[in-house]
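Note sheet for the following structure.
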Amino acid sequence: MTIPTASKATPVGYELIGVKKVSTIQVMGSRYWGRINPLHWDPVIAKQEGLRSPIQTGQMSSAYLAEMLVNFFGKRVFENSRIQRKYIKPIYPGDTITTHGIVREKTPEGAGYRFKVEIWCDDQNGELKTHGWAEIHVD
Amino acid sequence: MPEPQARQDELQPLTPVQVEQWRAYADRLWNTRIKRFEAIPEGWERTWEMKITPELVIMYADGVEDYNTWYEAFKTYGTGPLGVGESPFGPAIAPPLLVSENCSTFFETQEYRGRVHGAIASREDTEIFAPVPIGTVLRYRGRVVKKFLRRGRQYLRSVITAEDAATGQLFIRETRETLCKYAKAE
Numbered sequence: 000m001t002i003p004t005a006s007k008a009t010p011v012g013y014e015l016i017g018v019k020k021v022s023t024i025q026v027m028g029s030r031y032w033g034r035i036n037p038l039h040w041d042p043v044i045a046k047q048e049g050l051r052s053p054i055q056t057g058q059m060s061s062a063y064l065a066e067m068l069v070n071f072f073g074k075r076v077f078e079n080s081r082i083q084r085k086y087i088k089p090i091y092p093g094d095t096i097t098t099h100g101i102v103r104e105k106t107p108e109g110a111g112y113r114f115k116v117e118i119w120c121d122d123q124n125g126e127l128k129t130h131g132w133a134e135i136h137v138d
Numbered sequence: 000m001p002e003p004q005a006r007q008d009e010l011q012p013l014t015p016v017q018v019e020q021w022r023a024y025a026d027r028l029w030n031t032r033i034k035r036f037e038a039i040p041e042g043w044e045r046t047w048e049m050k051i052t053p054e055l056v057i058m059y060a061d062g063v064e065d066y067n068t069w070y071e072a073f074k075t076y077g078t079g080p081l082g083v084g085e086s087p088f089g090p091a092i093a094p095p096l097l098v099s100e101n102c103s104t105f106f107e108t109q110e111y112r113g114r115v116h117g118a119i120a121s122r123e124d125t126e127i128f129a130p131v132p133i134g135t136v137l138r139y140r141g142r143v144v145k146k147f148l149r150r151g152r153q154y155l156r157s158v159i160t161a162e163d164a165a166t167g168q169l170f171i172r173e174t175r176e177t178l179c180k181y182a183k184a185e
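Residue numbers (numbering that gives the first Met the number 0), protein chains in the order written: chain A, 0 to 138; chain B, 0 to 185.
Dropping the structure here:
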């Protein structure tokens, strides 16, 4: 399978191919990601604070969304782009997270276009977890 | 009837020794934490530096299972120790939101070190100006621009930039909102 990539001809309404990840408690509590904050890996403290279980750091779902964007837009994501995220609902251990992206706008910019892409991820039940927008220049 | 307390090993198998070690670690972290909404004033600023090392990038990428070879400047196997890697920009680079994630070290001052936690990310708005080659030393500048309540919960809004410490080239600018405590303020 050839992974499609962005071009100036990519139309508004185009759906990006997402990525799929399973949230695991071991990674949530790993040294880089959540170790400094027990809410990300300790069931006892998470419950004391009113959460049903530890929650993944929001930045992990941001990384999933960025991976999807790089798969489609390639190196363009790294120059003069913008990625906005709002963390809507917690991601729990065992959740299967799928990312989504749809091109919503194309605005002429220089020799190409500035693409505005709605991005989000949801879980195995379709519950919205993270939502945002990405702006990326394509020429 | 009160809800039963969570068990330390309910999400992964642990021996009694592990449970004891984990409880001690978690309780020490939690019980010595600084409540950032109360402790950190609006207008608080900090500048700090951090090197984007190959190991840091691998820890980030492995945790989210992103195996793009552009991020590989670390050779686990093979003959070389550390390489510079390859990307469309020449050497290997950091994933686009790694620097954004590292903005969360904003509060890791000597005074607060390891004690400002227990918060939850709420929103992030990241402008990316240029790729960050692995090995770059970044200079971050952060400022708490607003403290506020939203629907009874405490938030901090911060603006943080990251630039090349050697050249001053701007890499990212981010506005982020942090929910300081999950429970509603009393």
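Glycine included, each C-beta is placed from N, C-alpha and C at the ideal position.
Is residue i helix, strand or coil by DSSP?
{"i": "residue 26(B)", "result": "helix"}
{"i": "residue 20(A)", "result": "strand"}
{"i": "residue 139(B)", "result": "strand"}
{"i": "residue 69(B)", "result": "helix"}
{"i": "residue 6(A)", "result": "coil"}
{"i": "residue 0(A)", "result": "coil"}
{"i": "residue 179(B)", "result": "coil"}
{"i": "residue 158(B)", "result": "strand"}
{"i": "residue 131(B)", "result": "coil"}
{"i": "residue 132(A)", "result": "strand"}
{"i": "residue 13(B)", "result": "coil"}
{"i": "residue 64(A)", "result": "helix"}
{"i": "residue 25(A)", "result": "helix"}
{"i": "residue 153(B)", "result": "strand"}
{"i": "residue 172(B)", "result": "strand"}
{"i": "residue 148(B)", "result": "strand"}
{"i": "residue 89(B)", "result": "strand"}
{"i": "residue 11(A)", "result": "coil"}
{"i": "residue 50(A)", "result": "coil"}
Can you check whether the CB of residue j is closer than 7 Å to the CB of residue i?
{"i": "residue 62(B)", "j": "residue 119(A)", "result": "no"}
{"i": "residue 178(B)", "j": "residue 92(A)", "result": "no"}
{"i": "residue 98(A)", "j": "residue 11(A)", "result": "no"}
{"i": "residue 116(A)", "j": "residue 100(A)", "result": "yes"}
{"i": "residue 76(A)", "j": "residue 95(B)", "result": "yes"}
{"i": "residue 131(B)", "j": "residue 170(B)", "result": "yes"}
{"i": "residue 176(A)", "j": "residue 129(A)", "result": "The structure shown does not extend to residue 176(A), since chain A is modelled only from 0 to 138, so the question has no answer here."}
{"i": "residue 22(A)", "j": "residue 94(A)", "result": "yes"}
{"i": "residue 8(A)", "j": "residue 68(A)", "result": "no"}
{"i": "residue 93(B)", "j": "residue 143(B)", "result": "no"}
{"i": "residue 159(B)", "j": "residue 141(B)", "result": "yes"}
{"i": "residue 83(A)", "j": "residue 124(B)", "result": "yes"}
{"i": "residue 165(B)", "j": "residue 48(B)", "result": "no"}
{"i": "residue 65(B)", "j": "residue 78(A)", "result": "no"}
{"i": "residue 46(A)", "j": "residue 96(A)", "result": "no"}
Considering just the uninterrupted stretch of the beta strand (DSSP E) at residue i, what are its terminal residues?
{"i": "residue 121(B)", "result": "119-127"}
{"i": "residue 107(A)", "result": "95-108"}
{"i": "residue 36(B)", "result": "No beta strand (DSSP E) contains residue 36(B), which is instead part of the alpha helix (DSSP H) from 35-38."}
{"i": "residue 116(A)", "result": "111-121"}
{"i": "residue 48(B)", "result": "44-50"}
What are the start and end residues of the alpha helix (DSSP H) that includes residue i?
{"i": "residue 59(B)", "result": "53-62"}
{"i": "residue 83(A)", "result": "Element bounds for residue 83(A): not the alpha helix (DSSP H) but the beta strand (DSSP E), 80-86."}
{"i": "residue 42(A)", "result": "42-47"}
{"i": "residue 83(B)", "result": "Taken as a continuous stretch (DSSP letters only), residue 83(B) belongs to no alpha helix (DSSP H), as it is neither H nor E."}
{"i": "residue 100(B)", "result": "97-101"}
Using a Cβ-based criterion (distance less than 6 Å to any ligand heavy atom), does residue i qualify as near the ligand FMN?
{"i": "residue 26(A)", "result": "What this structure holds is no ligand at all, so the ligand FMN is not there to describe."}
Compute the beta-carbon to beta-carbon distance between residue i and residue j, rounded to the nearest angstrom, for a pair I have assumed lies under 8 Å.
{"i": "residue 168(B)", "j": "residue 162(B)", "result": "6 Å"}
{"i": "residue 172(B)", "j": "residue 126(B)", "result": "5 Å"}
{"i": "residue 122(B)", "j": "residue 85(A)", "result": "5 Å"}
{"i": "residue 16(A)", "j": "residue 55(A)", "result": "Wrong, their Cβ atoms sit about 22 Å apart, outside the cutoff."}
{"i": "residue 151(B)", "j": "residue 38(A)", "result": "Contact doesn't hold; Cβ gap of about 19 Å is too wide."}
{"i": "residue 87(B)", "j": "residue 74(A)", "result": "4 Å"}
What residues of chain C sit near residue i, judged by a beta carbon separation below 7 Å?
{"i": "residue 56(A)", "result": "No chain C appears in the structure shown, which is made up of the protein chains A and B."}
Between the stretch 7-29 of chain B and chain A, which residues of the former have CB atoms less than 9 Å from a CB of the latter, in chain order?
7, 8, 9, 10, 11, 21, 22, 24, 25, 26, 28, 29
Looking at chain B, which residues of the stretch 91-104 of chain A have a Cβ within less than 9 Å of any of its Cβ atoms?
92, 93
In the stretch 61-79 of chain A, which residues sit with their C-beta less than 9 Å from some C-beta in chain B, listed in chain order?
Residues passing the 9 Å Cβ filter: 61, 62, 63, 64, 65, 66, 68, 69, 70, 73, 74, 76, 77, 78, 79.
Give, in chain order, every residue of the stretch 30-49 of chain B whose Cβ lies closer than 7 Å to some Cβ of chain A.
none
Proximal residues, the stretch 162-185 of chain B versus chain A, C-beta separation under 7 Å:
181, 182
Scan the stretch 105-116 of chain A for residues whose Cβ lies nearer than 7 Å to a Cβ of chain B and list them as they occur along the chain.
none
Cβ-based contacts, 9 Å cut-off: residues of the stretch 117-143 of chain B near chain A:
117, 118, 119, 120, 121, 122, 123, 124, 125, 126, 127, 128, 129, 130, 131
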